[in-house]
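Participant:
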Amino acid sequence: MTVTGTQAPGEPEQLALLRPAVRRTRRPSSGGTPEPATDRPVARVVLDVSLPHLDRTFDYLVPTELSDVASPGVRVRVRFAGRLVDGYVVERVEASEHAGRLAFVHKVVSPELVLTPAVHALAREVADHYAGTEPDVLRLAVPPRHARTEALEPETPTEPPLRPQVDSWARYRDGAFLLDAVHHGTPARAVWTSLPGSTWPGEVARLLLTALAGGRGALAVLPDHRDVERLDCALSELGGADHHVVLTAEPGPAERYRRWLAVRRGARRAVIGTRAAMFAPVHDLGLVVVWDDGDDLHAEPRAPYPHVRTVLQLRSRLEGAALVVGGLSRTAEGAALVRSGWARSVAAPRDVVRRVAPAVRATGDDADDGRDGRGVHARLPTLAWRTAAEGLQHGPVLVQVPRAGYVPGLACTRCRAPARCAACRGPLGSPSGGATPACRWCAVVAASWSCPVCEGTRLRATAVGASRTAEELGRAFPRIPVRSSGGGTVLADVGPEPALVVATPGAEPVAPGGYAAALLLDGWALLSRPDLRAAEEALRRWLAAASLVRSGPDGGRVVVLADAAHPAVQALVRWDPGTFADRELAERAELSLPPDSRIVSLTGDPSSLARFLAAADLPETAAVLGPVAAKDEQERFLVRVPRASARQAVDALRAASGVRSAHKESGSVRVQVDPMEVG
DNA sequence: ATCGTCATTTGT
DNA sequence: CAAATGACGATC
C-alpha cells in the first residue's frame, strides 16, 4: 500500500503546531493542501542521509490520510532540503520542538514495520560507539524492501519447543548454570570455551532451544556459511528445525527478505546466520551468541565497521538478553570480559580437557630436529614426516597451510622475536627497497635496533611461503590422494579413507570420526606476522584444525611446526586457550594495546587528516601516533586511548566528523574504532 | 539540491 | 539609502 501526500503548504502559520487541530484552512483537503492528522500529527523521522551533522531525527507533519499507516517503524519518503529522501518513522508525537515550519510526510512507502524500537536504539548506540552515523548502521541492519515478498502469505508461527536436556553442557564448569539462566530469562553473560571436536554445533543448538523453551527469542552469529550450516543441521537433529531461520548472504534478495520478515513479524523466534544477522529484529530477545569471536569475518567491512561481539554486547544490555561469547579458543577481548567481572567463564575442567584433546607436539624447523633425504624430507622435520606417514595408515591426515599474501614483518635474526618500535611498541616493517626499517604505526625509523629479548641487533623478514611443502608432501606419498580445500574451492567434508587433506585456515573439511593426524605448517610465519593479534590468531587457527582430529588417548596426533617455547604453542600443546588469553590480555595491557586501550585508526589525505585532528578535542590521555603512509597517497594516524577515556575520545572524533561535513570539507577521513588488524 | 539570512556591492 | 547580488549555512 502506498498513499501519497502533498508538499508542505506555503502558508505562514503552519508552524510548530503546539495546538494541533485548531488550524482549518479555507480549502478542503482535496485541493492539495493536506490536513495534519488529529492524533499525534508529528512524526519523528530518521533520514537515510549519512552526513554526520545530520545524524538526528527530523520532524514532519502527518497528513490525515496517512495517519493510520505512518506508525513508528515504517519506511517513508520525505522532502529534505529540496529533494526526496528515504527515512523511517521512529515516533509519533503531539507537537514538535522545531521552531520553523514543518513539511508533510510525502509518502509512506509501505505499512510494514521494518525498524523496531529495539533496532533503532541499537543502531543509535552502535553509531555512537563507532563514531559513525545511525543511517550507516541502518543500512547494515534493515534489508532493502522487496514489495512482492511483503505481499506474500505470511509464515505461520510455530509453538515453542519443550526444554531440551542439559546434556553435554554438564561437561562444562558453570554449564548447567548457564543453561538454567537462559531458560529462566536471566541475562547471564558467559565467555565459553568449547571442548574440541564437533560437539559445539549441538551445544549452541541446545542454548538456542533452551531460550525458546523459556519463551524468549534467540540469535546466534557465526563467521561463515559452513559454520551456520553445521548449526542448522544440529538444530534439525534436535527437532528445532521449525523454529529458526537462516540469515546469510547466500539466497537472493527476495528469499532473504522473506526470512527476515518472518523474524520481524514474529513467526520465527530464533535466527542463526552470518555477520549481518547480528541486527535481526528477533522478538523478545532472550539470548545472543557469537561463535568464534576471534574470526575476522565478524568485523563488518562497511562503515562504521562494527564488530559482531561488540554489537551483541550492546544488544544484550539494551534488550536484557543473555550473551554467550563462544569458541574453541578465547580472545583477549573475551578474557577481558571475564576479568572485569562482566561475564562468567564457562570452560571444562582440566581433566575433561585432557581426556578429549588430541595429543599435540611441537617441532621447530631447525636443524637440531634432524632430517634425512632430499625434497620434502629436507623441508619437513622428522617428527612431522613420521606423524603423517603413520596417520595415513589409519585415515585422512589434515595439513594446514597458511593462506598466501600475509604482509611480511621483521623479526630478530637470533631469537625470532617480532621486532617492535622503541618509541610506541608498534610493529616494525621494511619499506620496499630494503631501506631502513620503520614503525608501521608511528613511522619512527629504527636506525639502531636491538632485540629486547636476546640483544641481537640484526633483523630478518618473516615471509610466508612454504605452502609448496604440501604439494611436495603429496609427491612423497604417491599412492595417497590429495584433497585441497581453500581459496575458491572449500570442501565441507572428506571421507574416512586415507588421504592428505591440504587446507588453509578456516577451510578445513570435517572428517567422519576425525582425522588420524594433522600437520600445522609454517607456524613461525603465523606467529611473527606484524599484527598485534598474530599469536592469538595462530592459536585460534591451530585449535580449529586440531579439534578435527580424533580425540582421546588412542586418538590422533597433531604436530605444529613452531617453537615449543612460544606461549601460543604451549597453549596448543596443553590445550589451554583460557590461560593463554589471560596472558595475552596482560601483555597487551602492558603495551597499552586493545582491549585494555582503545585504538582508533584515521585514514585520509594528509591535509584533511591534519584539519580533522586539529578540530578534534581529544582528551589529554589520547596518544596520536603517526602518520604512516597508506594506500592511494593517503596517510594513517592511530589514536590510542585508555579505556576509561575512550568514550570521550570517540565522542570528540565524532564531533570532528560533524564539523567536517557541516563545513562541506573536501577529501575524506575514515574513522575506524578498534580495527581488527593493526599493523 | 534549495531556501533563507545576512553582509556586501551597486545604482540612484 | 534602497535594491541587487553573493556567500554561507541549515536542511523539519
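Each residue of the first sequence is one higher than the one before, starting from 1385 at the first, in our numbering.
Virtual Cβ for every residue (Gly too), placed ideally from N, Cα, C.
Here the structure is a predicted model, which is why all the values come from computation and not from measurement.
Taking all protein chains shown into account, decide if aspartate 1906 is buried (16 or more other Cβ within 10 angstroms of its Cβ) or exposed.
Facilitator: Aspartate 1906 should be labelled buried.
Participant: Hey, serine 1981 and proline 2026: beta-carbon distance below 7 Å or not?
Facilitator: In contact: serine 1981 and proline 2026 (Cβ atoms closer than 7 Å).
Participant: Any heavy atom of the ligand NAD closer than 6 Å to the beta-carbon of glycine 1471?
Facilitator: For the ligand NAD, the structure offers nothing, since it holds no ligand at all.
Participant: Using a threshold of 7 Å, state whether the C-beta atoms of leucine 1591 and proline 1786 are closer than that.
Facilitator: No, the Cβ-Cβ distance between leucine 1591 and proline 1786 is not below 7 Å.
Participant: What is the DSSP secondary structure of valine 2062, counted as helix, strand or coil?
Facilitator: Coil.
Participant: Could you check how far apart the C-beta atoms of leucine 1857 and valine 1783 are, in whole angstroms? I think they sit under 8 Å.
Facilitator: Indeed, because the Cβ distance is near 6 Å, the residues count as touching under 8 Å.
Participant: DSSP three-state label for cysteine 1835, please.
Facilitator: Here cysteine 1835 sits in coil by DSSP.
Participant: So, histidine 1530 versus tyrosine 1641, is the Cβ gap smaller than 7 Å?
Facilitator: Against a cut-off of 7 Å, the Cβ pair of tyrosine 1641 and histidine 1530 comes out as a contact.
Participant: Return yes when the Cβ of aspartate 1432 is within less than 7 Å of the Cβ of valine 1489, no when it is not.
Facilitator: Their beta carbons are not under 7 Å apart, which means valine 1489 does not touch aspartate 1432 by this criterion.
Participant: Under DSSP, the alpha helix (DSSP H) around tyrosine 1641 begins and ends at which residues?
Facilitator: First-last of the alpha helix (DSSP H) with tyrosine 1641: 1637-1648.
Participant: Can you tell me whether tryptophan 1959 is helix, strand or coil according to DSSP?
Facilitator: Three-state result, tryptophan 1959: coil.
Participant: Quick test of your reading: alanine 1574 and valine 1708, contact by CB under 8 Å. State the CB separation rounded to the nearest angstrom.
Facilitator: Alanine 1574 to valine 1708, Cβ: 5 Å. Contact.
Participant: Helix, strand or coil for serine 1474, going by three-state DSSP, please let me know.
Facilitator: Looking at the sequence shown, residue 1474 is not serine but valine. Residue state, collapsed to three classes: strand.
Participant: Return the first residue and the last residue of the alpha helix (DSSP H) that glycine 1586 is part of.
Facilitator: Its alpha helix (DSSP H) spans residues 1584-1597.
Participant: Thinking alanine 1355 and threonine 1694 are a contact (beta carbons under 8 Å), I'd like their distance in whole angstroms, please.
Facilitator: Absent from the model: residue 1355. The displayed extent of the chain is 1385 to 2063, so no value can be given.
Participant: Is it true that the CB of proline 1501 sits closer than 7 Å to the CB of glycine 1704?
Facilitator: Against a cut-off of 7 Å, the Cβ pair of proline 1501 and glycine 1704 comes out as no contact.
Participant: Which one or two residues does DSSP pair with cysteine 1796 in a beta bridge?
Facilitator: In the DSSP output, where bridge partners are listed per residue, cysteine 1796 has Leu1843.
Participant: Are there three or more Cβ pairs, one per stretch, closer than 8 Å when the region 1550-1558 is compared with the region 1680-1688?
Facilitator: Flag = no, the region 1550-1558 and the region 1680-1688 do not touch.
Participant: What first and last residue would you give for the alpha helix (DSSP H) that runs through serine 1620?
Facilitator: Serine 1620 -> alpha helix (DSSP H) spans 1609-1621.
Participant: With contact counted as at least three CB pairs below 8 Å, one residue from each stretch, are the region 1829-1838 and the region 2030-2038 in contact?
Facilitator: As far as the Cβ criterion goes, the region 1829-1838 does not touch the region 2030-2038, which means the pair count is below three.
Participant: Does DSSP classify leucine 1707 as helix, strand or coil?
Facilitator: Here leucine 1707 sits in strand by DSSP.
Participant: Can you tell me whether threonine 1747 is buried or exposed? The criterion is at least 16 other CB atoms within 10 Å of its CB, across all chains shown.
Facilitator: Classification for threonine 1747: buried.
Participant: Quick one: which unbroken alpha helix (DSSP H) runs of 4-plus residues sit fully inside the region 1514-1542? Chain order, please.
Facilitator: Fully enclosed alpha helix (DSSP H) runs of 4 or longer: 1518-1525 and 1531-1535.
Participant: For tryptophan 1644, collect the residues of the same chain with a Cβ closer than 6 Å to its Cβ; drop the 5 residues on either side in sequence, then sort them by chain order.
Facilitator: Once the five neighbours on either side are set aside, the close Cβ partners of tryptophan 1644 are Pro1527.
Participant: Hey, arginine 1476 and serine 1455 are a contact pair by Cβ (cut 8 Å); roughly how many whole angstroms apart?
Facilitator: So it is a contact: roughly 7 Å between Cβ atoms.
Participant: Alpha carbon to alpha carbon, how far is valine 2062 from glutamate 1481? Give it in angstroms, no decimals.
Facilitator: One C-alpha to the other measures close to 44 Å.
Participant: Who pairs with tryptophan 1576 in a beta bridge, going by DSSP?
Facilitator: According to DSSP, tryptophan 1576 bridges with Gly1710 and Val1730.
Participant: Within 10 Å of its beta-carbon, does glycine 1559 have 16 or more other beta-carbons around it, so buried, or fewer, so exposed?
Facilitator: The residue in question, glycine 1559, is buried, as its Cβ has 16 or more Cβ neighbours within 10 Å.
Participant: From the DSSP output, which residues share a beta bridge with serine 1981?
Facilitator: DSSP, once it has assigned bridges, lists Pro2026 as partnering serine 1981.
Participant: Sort out for me which residues DSSP pairs valine 2057 with in a bridge.
Facilitator: Its beta-bridge partners are Val1984.
Participant: Assign valine 1837 to buried or exposed, taking buried as 16 or more other Cβ atoms, counted over all protein chains shown, within 10 Å of its Cβ.
Facilitator: Its Cβ having fewer than 16 others within 10 Å, valine 1837 is exposed.
Participant: Kindly identify the DSSP beta-bridge partner or partners of aspartate 1877.
Facilitator: Paired residues: Val1894.
Participant: Given 8 Å as the limit, is there contact between the region 1954-1968 and the region 1982-1992, that is, 3 or more CB pairs closer than that?
Facilitator: Cβ pair count under 8 Å is below three, so no.
Participant: Excluding the 5 residues preceding and the 5 following methionine 2060 in the sequence, name in chain order all residues of the same chain whose CB lies nearer than 6 Å to its CB.
Facilitator: Around methionine 2060: Asp1680 and Ala1683.
Participant: Looking at the unbroken beta strand (DSSP E) that takes in alanine 1772, where does it start and where does it end?
Facilitator: Segment 1766-1775 is the alpha helix (DSSP H) holding alanine 1772; no beta strand (DSSP E) there.
Participant: Could you please give the first and the last residue of the uninterrupted beta strand (DSSP E) stretch that includes phenylalanine 1442?
Facilitator: From DSSP, the beta strand (DSSP E) with phenylalanine 1442 extends over 1441-1445.
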